[in-house]
Structure formats: structure tokens, C-alpha cells
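Down below is the structure, laid out as C-alpha cells.
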Amino acid sequence: MRTYLPILIALLAIGGLLWAFRHYQESSRGVSSKPDAAQAVGDVGMRFDGVRLVGWTTGGEKRWEMEAETITVSKDKMTSSLKGITKGVFYNNGRPVFRLKAREAIVQGSSQHEDVKIRGGLTVTGENGVKIVTPSLEWQGYRQKFLCSSPIVATFNNLTLKIERAEGDITVRAIRAVVPKSVVYRKGQRLFVLHAPGAEFLYNDRTHDVRIQGGVRVEGQNGLFLQTSVVEWRDQEEKIVCPSSVEVRMKRSRLVAEHFESDPKFEQMAVKRFSGQIALSDLPQTKDML
Numbered sequence: 002m003r004t005y006l007p008i009l010i011a012l013l014a015i016g017g018l019l020w021a022f023r024h025y026q027e028s029s030r031g032v033s034s035k036p037d038a039a040q041a042v043g044d045v046g047m048r049f050d051g052v053r054l055v056g057w058t059t060g061g062e063k064r065w066e067m068e069a070e071t072i073t074v075s076k077d078k079m080t081s082s083l084k085g086i087t088k089g090v091f092y093n094n095g096r097p098v099f100r101l102k103a104r105e106a107i108v109q110g111s112s113q114h115e116d117v118k119i120r121g122g123l124t125v126t127g128e129n130g131v132k133i134v135t136p137s138l139e140w141q142g143y144r145q146k147f148l149c150s151s152p153i154v155a156t157f158n159n160l161t162l163k164i165e166r167a168e169g170d171i172t173v174r175a176i177r178a179v180v181p182k183s184v185v186y187r188k189g190q191r192l193f194v195l196h197a198p199g200a201e202f203l204y205n206d207r208t209h210d211v212r213i214q215g216g217v218r219v220e221g222q223n224g225l226f227l228q229t230s231v232v233e234w235r236d237q238e239e240k241i242v243c244p245s246s247v248e249v250r251m252k253r254s255r256l257v258a259e260h261f262e263s264d265p266k267f268e269q270m271a272v273k274r275f276s277g278q279i280a281l282s283d284l285p286q287t288k289d290m291l
């Protein structure tokens with residue numbers, strides 16, 4: 002009997018390893034935890050203390066990962082609740098694109114279509130310099146989009162504004178946002194008031210330029226008013242540019258131009274091929290770019 006006992010123990014160990022490997026392959030999310038940290042929680046499933054939860058793509062690359070103080074997994078393994086998120090990273094093609102911290106998150110869904118709902122003191126920092134502060138954020142796996150249905154404060158390098166709600170792709174370069182009214186700041190200095198009820202924000206993480214397109218109204222200093230389809234902030238030049246048709250209004254002036262650009266304070270402006278009425282008292286330093 003003593004001769005067969007080690008063989009029996011070895012067979013049981015191999016069987017346990019095979020079962021664990023098969024169970025791991027069947028799951029799209031990996032959970033790692035401290036030894037002896039798992040506990041049964043009534044009819045809910047299992048709770049782990051000090052864990053890292055990972056979402057994978059079909060190609061075996063990380064889609065996202067989060068570290069939390071505790072995680073509770075439902076019996077059907079379709080819902081995971083995380084508390085005290087100390088680290089969160091989202092990936093694109095194997096590279097991290099943004100990081101986050103929050104109080105809690107809920108992961109729901111199947112392997113390739115999971116939804117990740119994150120909330121509570123949420124701060125998102127992109128590798129490209131974008132920073133988002135919001136009460137909650139949702140990652141919709143089936144759309145490959147993130148959604149902010151709560152008000153957010155977004156910072157594109159040094160340009161800061163408030164957005165009512167927004168959605169964007171995983172790269173955080175293209176953000177479709179609703180901005181009923183927001184004061185835009187740069188390094189704490191007020192630039193202008195922006196109205197963009199259904200605009201798209203395109204961020205260039207190399208130059209830190211921001212392009213806002215899709216029906217934009219700008220209220221600048223000195224009573225300036227711009228109505229156009231596209232507004233660009235060119236960070237290195239520190240210029241506001243309207244590259245397409247724009248309506249410009251001031252106290253006594255109204256004109257339509259094919260091109261408009263200005264410094265942040267709207268003290269030195271340039272227009273190209275315009276028509277309308279101009280009061281020199283309104284535009285003392287305007288240049289014609291004919």
C-alpha cells in the first residue's frame with residue numbers, strides 16, 4: 002500500500018492541474034489573488050481579497066486589467082464586483098492607452114462583449130496627455146467605446162473644459178461630446194465660452210492640437226461671437242483658427258469669412274476673403290489676409 006500511495010497522490014495532483022488549466026482556458030477573464038483569500042459569499046459566489054482582474058481579447062492580448070481591494074464573483078461568473086480600485090489600465094494592441102483610479106467597478110457580460118461600469122471618484126489619465134474627471138464611466142465591449150453619461154471635466158494637455166456627456170474610442174483621440182455651454186481654460190487662464198451641442202473632439206497627441214467640429218459657437222472676449230462648423234486650437238502657435246466658413250460678430254460689425262484666426266484674447270485677428278460690415282472700433286487690429 003505504501004508503494005502505491007505516492008503514485009496515487011501524483012495522479013490526483015496531475016488531474017487537479019488539468020482541471021485548473023481547462024477551467025482557465027474556458028474563461029476570458031483571469032483572476033489572481035493572494036493565497037487563501039477566497040471566501041464563499043452565500044448565494045453570490047466567491048469573494049477575493051487583494052486581486053487583479055484581467056480582460057482578454059480573442060488574440061490573447063490584454064484588453065484591460067484592474068487591481069482592487071476586494072472582488073465578488075457571481076456563481077455564473079457573468080458578474081464581477083470590484084471595491085477599492087487601486088489600479089486600472091486599458092490597452093490597445095497590447096499597449097496601455099489610459100489609466101484610472103476609482104472606488105468601484107462592475108464587470109458584466111460574456112468573454113468578448115463585457116461591459117465595465119466604473120464609478121466613484123473616477124480619474125482617467127491617457128498616455129497621450131488627455132485627463133478626464135467624472136463620477137462614472139462605462140466601457141462597452143461590444144461597441145469598443147467608452148461612454149460618460151455624467152458631466153466630466155476634460156483636459157487636453159493644457160486646454161480644459163466641461164462636457165455634459167461624451168463617448169469615445171479606446172485611443173481617447175476622438176471624443177464625441179455634448180457641450181451646451183462651457184468656459185474653456187488654458188493653464189488656468191480663461192480663453193472663451195464654447196457651445197457645441199453635438200460636436201466631435203479630435204485630439205492630436207503629438208502637437209496637442211484640438212479640433213472641434215460639428216456646429217460650434219464661440220463667445221470670446223471683447224464681445225466677439227463666432228458661428229462655424231469647425232474650430233481648431235493650435236497649441237504650439239497658441240491660436241484659435243476657423244479653417245472654413247465662419248460668421249463673425251462684434252458690437253457694430255458683422256461679416257462672413259472663409260478663414261479666421263486669432264490669439265487667445267482675441268486682440269489680434271486675421272480674416273481671409275470676407276464680406277460684410279466692419280466697424281474699425283470693433284476690430285482695431287484686424288488684418289486682411291487677401
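According to the working numbering, the residues represented by the sequence shown are 2 to 291, in order. Beta carbons are placed, not taken as given, at the ideal position from N, Cα and C, and that holds for glycine.
* Is residue 263 buried or exposed, if buried means 16 or more other CB atoms sit within 10 Å of its CB? -> Taking the first residue of the sequence shown as 1, we reach residue 263 at position 262. Burial call: buried.
* Assuming residue 1 and residue 217 form a contact by the criterion Cβ under 8 Å, report the distance between their Cβ atoms to the nearest whole angstrom. => The chain is shown from 2 up to 291; residue 1 falls before or after that span and cannot be answered.
* To do: Give me the Cα-Cα distance between residue 51 and residue 74, rounded to the nearest whole angstrom.
  => For the purposes of this step, residue 51 is identified with residue 50 of the sequence shown, where counting begins at 1. For the purposes of this step, residue 74 is identified with residue 73 of the sequence shown, where counting begins at 1. Taking the CA atoms as reference points, residue 51 sits about 14 Å from residue 74.
* DSSP on residue 224, reduced to helix/strand/coil? -> Stepping through the sequence shown from its first residue, residue 224 is reached at position 223. Note: residue 224 maps to helix in three-state DSSP.
* Using three-state DSSP, classify residue 275 as helix, strand or coil. => Along the sequence shown, one-based indexing puts residue 275 at 274. Here residue 275 sits in strand by DSSP.
* Do you know offhand how far residue 271's Cα is from residue 155's? -> Within the sequence shown, numbered from 1, the residue matching residue 271 stands at position 270. Within the sequence shown, numbered from 1, the residue matching residue 155 stands at position 154. Rounded to whole angstroms, residue 271 to residue 155 spans 29 Å at the Cα level.
* Which one of 106, 179, 53 and 275 has the shortest CA to CA distance from residue 248? -> The sequence position of residue 248 within the sequence shown is 247, counting from 1. Ranking the options by Cα distance to residue 248, first place goes to 275.
* To do: Pick out the complete beta strand (DSSP E) segments inside the region 116 to 163, 3 residues or longer, and give them in chain order.
  => Annotation: the region 116 to 163 contains the following complete segments of the beta strand (DSSP E) (minimum length 3 residues), in chain order: 116 to 127, 131 to 141, 146 to 149 and 153 to 157.
* Asked: DSSP beta-bridge partners for residue 97?
  -> Translated into positions along the sequence shown, residue 97 becomes position 96. Note: residue 97 sits in a beta bridge opposite 92.
* Asked: Pick from 196, 211 and 197: whose alpha carbon is nearest that of residue 203?
  -> Along the sequence shown, read from residue 1 onward, the residue named residue 203 stands at position 202. Of 196, 211 and 197, the residue nearest in Cα terms is 211.
* **residue 188, DSSP secondary structure in three states** => Position 187 of the sequence shown holds residue 188. Coil, per DSSP.
* Asked: Of the residues 207, 230 and 220, which one's Cα is nearest the Cα of residue 214?
  -> Indexing the sequence shown from 1 puts residue 214 at position 213. Measuring from the Cα of residue 214, the nearest candidate turns out to be 230.
* To do: Give the straight-line distance between the Cα atoms of residue 268 and residue 228, rounded to the nearest whole angstrom.
  => Taking the first residue of the sequence shown as 1, we reach residue 268 at position 267. Taking the first residue of the sequence shown as 1, we reach residue 228 at position 227. Between residue 268 and residue 228, the C-alpha separation is close to 18 Å.
* Around the C-beta of residue 59, are 16 or more other C-beta atoms found within 10 angstroms, so that it is buried, or is it exposed? -> Taking the sequence shown and counting its residues from 1, the one referred to as residue 59 is at position 58. Note on residue 59: under 16 other CB atoms within 10 angstroms of its CB, so exposed under the neighbour-count rule.
* Asked: From residue 168 to residue 205, what distance separates their C-alpha atoms?
  -> As a working mapping, residue 168 is identified with position 167 in the sequence shown. As a working mapping, residue 205 is identified with position 204 in the sequence shown. Going from the Cα of residue 168 to the Cα of residue 205 covers about 17 Å.
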